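Peer 1: Here you go, one structure.
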Amino acid sequence: MHMQDEKIRVLIGKPGLDGHDRGAKVVALVLKDAGMEVIYTGLHQSPEQIVQAAIDEDVDVIGLSVLSGVHMSASKKVLELLKKEGMAGEKIIMVGGTIHSDEDIVELKKMGVNGVFPTESSFEDIVSFVRKAVEEKRTQRK
Amino acid sequence: MDNSEKKIMKEKDRWTNESLSKKPVKPVRTDAGMDVDVLYVPKERSQEKYLKEIGFPGEYPFTRGVQPSMYRGNVWSFRQYAGYSTAEESNRRYKFLLEHGQTGLSVAFDLPTQLGFDSSDPSILADEVGRVGVAVDSLEDMEQLFEGIPLDQITTSFTCNAQTVVILAMYIITGEKQGVPMGKLRGTLQNDIIKEYLARGTYIFPPKPSLRLTADVIEFCSKEVPKFNSISISGYHVRESGANAYQEVAYALSEARTYTDEVLKRGLDVDDFAPRLSFIFSSSLELFEEAAKHRACRRLWAKIMKEEYGSKDPRSQMMRFFAGCDGSSFAAKEPLNNIIRATLECLATVLGGAQSCHVMSYDEAYTIPTEESARLSLRTQQIIAYETGICSTVDPLGGSYYVEHLTDVIEEKAREEMKWVEDNGGMVACVEKGLIHEKLAKQAYEKEKAIRNGERTVVGVNKYIMGESKDAQTGRENAKTGIELSKVDPDVYKKQLKKLNNIRKNRDNAKVEKLLNDLKKAAESDNENVMPYVLDAVRNYATMGEMIGVLKSVYGTFRCPTGI
């Protein structure tokens, strides 16, 4: 099987204590409907648990869903942990949810987050971002 | 059907053929998927049915309201949900809201507090402290929260669930220190753990011990804190997670049955505690369906209490409820449009006969409200109450052919959904199997899809949108909100740590340790109510994390199915 034919694997993580995961589940179903394999971690996950699950499940993409405003610290922690595991740049990182400040979006991207999808982002944008980013990453690895 | 009804139906057929056949209309469904006719007529609404199913306000089956004169006697309470940062900051916001005419408090706790962690717990992210609500680690925080607010003159609602025992105890001791005995305290505890597993997610323990703690609170309040609503059973949060209007009713009332059964096992009579069961519902934008939902729910609960539980006290049959705006209907794009959405949702709440209401602020699609947006929400309630004439008569939509039809259909559909819950083993089994989670996730997805593909209109989001430009730097469409958002105090975490260190240093630690051990023994026993033990620990400044830690060591923690 060619690498491009392999199914894209995505982990949707819900970092922190917030229990509102309607958005996380909607995005999980959007990506599933687009033919990807999606693992949703469930609530109350620490950045450590999310990174460990991403390694165990060998996913291409880590999606972080945040509603409570901790998107900056949670993303920073996840990126640090990936670096520690020697996997910086290995996974595609996207962050979604209630991200209200434009400065935060710019900062997240500087930090190394590949895609940011605030509330009301289009489903097509999310799906095409994941497809394109995974394809590029797989081509680089060849 | 009597002759006059037959005549009306015959005339309606004629009218339909003559008028509508010339200009056919597209089929329309309500938000919950119910077919809507172009016109409703007094079909099957005989006098006998009026007396049995609709009746008079303040009388069984309470379709038209729980009080005889409703808002003409007393306007609903304006209860804005508020709390952020430290206890001192939240205390200032409460005083601000009270000065502007708010009539009841509703306390928002931060997530560590809701999940029973101390602010100093190493496993939490530091910026969750004081972020979505106020941080409360010990009695000291609760005392500061109500500093200068006499507890015998205010009613307070608490959004606490898994750790209700601690919050109630902290409030009781704060009252005690102000010279207000617990028998005089008035307010409402959320204390509804089942809906936490289904939505909202601030559960700690597995369902069985959680139910025991809920019942401990209900039993304790029925004896010692009789003016407190010991639980507020929620349809609101499952609605926010994707349920439709009749499912919201069905799941809330199925939960209410579960709690009632749990407390009855302790040998109490239903009328000992049912008068203090209260409810929370959502009011969404489908105005008539929402008003009808509140009416249907009230009627259904009255029938359940009387017919199934044999309650004799009418107060047990009266469903008193709080309703709030449907947050998921709010849009981040063009946030000022949310003021109009909130106004209509407040109207649906009032037309449905709520006892208290929260109006969401336009900036809540982003973050917690500013002082200005919070005041505007309060003003929305005040304008509806005092400038529209809505309080002049009781249940003004009663008798509307459409609304009475919807009320009947919602009651019937909610009964069917409740039967589905029962057939699947009841609410706890449905939670453990993830059956409702699966339904909610699917429905939420379908709704979002309908918005994205334009089947469902959201003004300013998928219709009548301002330009299509994307910000080059952020990639965000129509990025600028044009509104000022509240800022988070970066020092909350440090302030809470300092406070906690002082408490641990200055209290009698040996005594606290003994009291925590007593609490552990009570939690391990089958028939001891934990409340008196929590009260003793709180009085001696044991912290939230210490007390919940003890309960975790006995009950364990839980991972809920996701439905994905």
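Chains A and B supply the protein sequences, listed in that same order. First residue of the first sequence? That's 912 in my numbering, and the numbers climb one at a time after it. First residue of the second sequence? That's -1 in my numbering, and the numbers climb one at a time after it. Backbone N, C-alpha and C fix where the C-beta goes; we use that ideal spot for every residue, glycine too. In this text the structure is predicted, and so the values were computed from the model without any measurement.
Run down chain A in chain order and give the residues with a C-beta less than 8 Å from the C-beta of C428(B).
Peer 2: Residue mapping note: residue 428(B) aligns to position 430 of the second sequence, counting from 1. In chain order: nothing, as chain A lies at least about 17 Å away.
Peer 1: Determine the burial state of R62(B): buried for a count of at least 16 other Cβ atoms within 10 Å of its Cβ, exposed for fewer.
Peer 2: Translated into positions along the second sequence, residue 62(B) becomes position 64. By the neighbour-count rule (16 or more Cβ atoms within 10 Å), R62(B) is buried.
Peer 1: Provide the residue span of the alpha helix (DSSP H) that contains T341(B), from first to last.
Peer 2: In the second sequence, the residue the question calls residue 341(B) occupies position 343. Counting along the chain, the alpha helix (DSSP H) containing T341(B) begins and ends at 335 to 349.
Peer 1: For S979(A), go through chain B and note every residue whose CB falls closer than 8 Å to its CB, in chain order.
Peer 2: If you number the first sequence from 1, residue 979(A) lands on position 68. What S979(A) touches in chain B: L109, E126, R129, V130.
Peer 1: Does H1011(A) come out as helix, strand or coil in the three-state DSSP assignment?
Peer 2: By 1-based counting over the first sequence, the position of residue 1011(A) is 100. H1011(A) falls in the coil class under three-state DSSP.
Peer 1: Is there a C-beta anywhere in chain B that falls below 8 Å from the one on L922(A)?
Peer 2: Translated into positions along the first sequence, residue 922(A) becomes position 11. No, L922(A) does not count as interfacial toward chain B.
Peer 1: Please list, in chain order, all residues of the same chain as H235(B) whose beta carbon is under 6 Å from its beta carbon, the five residues on each side excluded.
Peer 2: Numbered from 1 along the second sequence, position 237 holds the residue referred to as residue 235(B). Result list for H235(B): K193, A197, R198, in chain order.
Peer 1: How about T1050(A): is its C-beta nearer than 8 Å to some C-beta of chain B?
Peer 2: Counting from 1 along the first sequence, the entry for residue 1050(A) is found at position 139. It does not; no Cβ of chain B falls within 8 Å.
Peer 1: Is DSSP giving A330(B) helix, strand or coil here?
Peer 2: Along the second sequence, read from residue 1 onward, the residue named residue 330(B) stands at position 332. It is coil, neither helix nor strand.
Peer 1: Below 8 Å between beta carbons: does that hold for I481(B) and P333(B)?
Peer 2: Residue 481(B) sits at position 483 when you count from the first residue of the second sequence. Residue 333(B) sits at position 335 when you count from the first residue of the second sequence. Yes, Cβ-Cβ distance for I481(B) and P333(B) is below 8 Å.
Peer 1: How would you label I165(B), buried or exposed, when you count the other beta carbons within 10 angstroms and need 16 or more for buried?
Peer 2: Here residue 165(B) refers to the residue found at position 167 when the second sequence is read from its first residue. So I165(B) counts as buried.
Peer 1: Using a Cβ-Cβ distance cut-off of 8 Å, determine whether E1031(A) contacts chain B.
Peer 2: Stepping through the first sequence from its first residue, residue 1031(A) is reached at position 120. True, the Cβ-Cβ gap to chain B drops below 8 Å.
Peer 1: Shorter than 8 Å from the beta carbon of S551(B) to some beta carbon of chain A?
Peer 2: Residue mapping note: residue 551(B) aligns to position 553 of the second sequence, counting from 1. With respect to chain A, the C-beta atom of S551(B) has no partner C-beta closer than 8 Å.
Peer 1: Beta-carbon of K492(B) versus every beta-carbon of chain A: anything under 8 Å?
Peer 2: Counting from one through the second sequence, the residue named residue 492(B) turns up at place 494. Not closer than 8 Å to any Cβ of chain A, the Cβ of K492(B) fails to qualify, so no.
Peer 1: Residues in the same chain with beta-carbon distance under 6 Å from I919(A), minus the five sequence neighbours each way, listed in chain order, please.
Peer 2: The residue you call residue 919(A) lines up with position 8 of the first sequence. Around I919(A): M947, D971, V1045.
Peer 1: Give a yes or no on whether 8 Å exceeds the smallest Cβ distance from V215(B) to chain A.
Peer 2: As a working note, residue 215(B) is residue 217 in the second sequence. No, no contact with chain A.
Peer 1: Taking the DSSP output, what are the residues bridged to V247(B)?
Peer 2: Translated into the one-based positions of the second sequence, residue 247(B) becomes position 249. Beta-bridge pairing links V247(B) to no other residue.
Peer 1: Please list the partners that S957(A) has in chain B, where partner means a Cβ-to-Cβ separation under 7 Å.
Peer 2: Walking along the first sequence from the start, residue 957(A) turns up at place 46. Simply S121.
Peer 1: I'd like the ranges of any alpha helix (DSSP H) spanning at least 4 consecutive residues and lying wholly in the region 955 to 1030 of chain A.
Peer 2: 958 to 967, 982 to 995, 1013 to 1022
Peer 1: Anything in chain A within Cβ reach of G240(B), meaning under 7 Å, just list it in chain order.
Peer 2: Within the second sequence, numbered from 1, the residue matching residue 240(B) stands at position 242. Ordered by position in chain A, the residues that pass the 7 Å Cβ test against G240(B) are R933.
Peer 1: Going by beta carbon distance, what residues of the same chain come within less than 6 Å of D516(B), once the five residues before and after it are set aside?
Peer 2: The sequence position of residue 516(B) within the second sequence is 518, counting from 1. Closer than 6 Å at the Cβ level, and outside the excluded window around D516(B), lie Y531.
Peer 1: When DSSP labels each residue in this structure, what does L187(B) get in the three-state scheme?
Peer 2: Within the second sequence, the letter at position 189 stands for residue 187(B). Note: L187(B) maps to strand in three-state DSSP.
Peer 1: In chain B, which residues lie with their C-beta within 8 Å of the C-beta of S984(A)?
Peer 2: In the first sequence, residue 984(A) corresponds to position 73, counting from 1. Here the neighbours are L123, A124, D125.
Peer 1: Note down, in chain order, each residue of its chain lying with its Cβ closer than 6 Å to the Cβ of M912(A), except the 5 sequence neighbours on either side.
Peer 2: By 1-based counting over the first sequence, the position of residue 912(A) is 1. At M912(A), the pLDDT of 46 sits below 50, so the modelled position is not reliable; the number obtained from the coordinates is stated separately. Around M912(A), the same chain offers no residue with a beta carbon nearer than 6 Å, after the five sequence neighbours per side are excluded.
Peer 1: Please report the straight-line C-alpha distance between E402(B) and T555(B), rounded to a whole angstrom.
Peer 2: In the second sequence, the residue the question calls residue 402(B) occupies position 404. In the second sequence, the residue the question calls residue 555(B) occupies position 557. Rounded to whole angstroms, E402(B) to T555(B) spans 45 Å at the Cα level.
Peer 1: Any beta carbon from chain A within less than 8 Å of E453(B)'s own beta carbon?
Peer 2: Taking the first residue of the second sequence as position 1, residue 453(B) is located at position 455. No, E453(B) lies away from the interface with chain A (no Cβ there is under 8 Å from its Cβ).
Peer 1: At the 8 Å Cβ level, is L940(A) part of the contact set with chain B, yes or no?
Peer 2: Counted from its first residue, the first sequence places residue 940(A) at position 29. Taking Cβ atoms only, chain B reaches closer than 8 Å to L940(A), which makes this a yes.
Peer 1: For the alpha helix (DSSP H) that contains G924(A), what are its first and last residues?
Peer 2: In the first sequence, counting from the first residue as 1, residue 924(A) sits at position 13. Note, G924(A): premise wrong, no alpha helix (DSSP H); beta strand (DSSP E) at 920 to 924.
Peer 1: In chain A, which residues lie with their C-beta within 9 Å of the C-beta of L483(B)?
Peer 2: Along the second sequence, one-based indexing puts residue 483(B) at 485. Going along chain A in sequence order, the residues near L483(B) (Cβ under 9 Å) are H1011, S1012.
Peer 1: Give the straight-line distance between the Cα atoms of K50(B) and W74(B), rounded to the nearest whole angstrom.
Peer 2: Within the second sequence, numbered from 1, the residue matching residue 50(B) stands at position 52. Within the second sequence, numbered from 1, the residue matching residue 74(B) stands at position 76. Roughly 27 Å separates the two Cα atoms.
Peer 1: Drop a sphere of 10 angstroms on the beta-carbon of D534(B), count the other beta-carbons inside from all chains shown, and report buried for 16 or more, exposed for fewer.
Peer 2: As a working note, residue 534(B) is residue 536 in the second sequence. Buried, because 16 or more other Cβ atoms sit within 10 Å of the Cβ of D534(B).
Peer 1: Leaving out the 5 sequence neighbours to the left and right, which residues in its chain are closer than 7 Å to L992(A) when beta-carbon positions are compared?
Peer 2: Residue 992(A) sits at position 81 when you count from the first residue of the first sequence. So the list reads P958, E959, V962, once near-sequence residues are dropped.
Peer 1: Can you give me the C-alpha to C-alpha distance between V429(B) and V937(A), rounded to a whole angstrom?
Peer 2: Translated into the one-based positions of the second sequence, residue 429(B) becomes position 431. Translated into the one-based positions of the first sequence, residue 937(A) becomes position 26. Approximately 19 Å, taken between the alpha carbons.
Peer 1: Three-state secondary structure (DSSP) at F60(B)?
Peer 2: Counting from 1 along the second sequence, the entry for residue 60(B) is found at position 62. Coil at F60(B), not helix or strand.
Peer 1: On the three-state DSSP scale, how would you describe F54(B)?
Peer 2: Indexing the second sequence from 1 puts residue 54(B) at position 56. DSSP places F54(B) in coil when its eight states are reduced to three.
Peer 1: To the nearest angstrom, report how far apart F115(B) and Y384(B) are at their CA atoms.
Peer 2: Along the second sequence, one-based indexing puts residue 115(B) at 117. Along the second sequence, one-based indexing puts residue 384(B) at 386. Distance between the alpha carbons of F115(B) and Y384(B) is about 43 Å.
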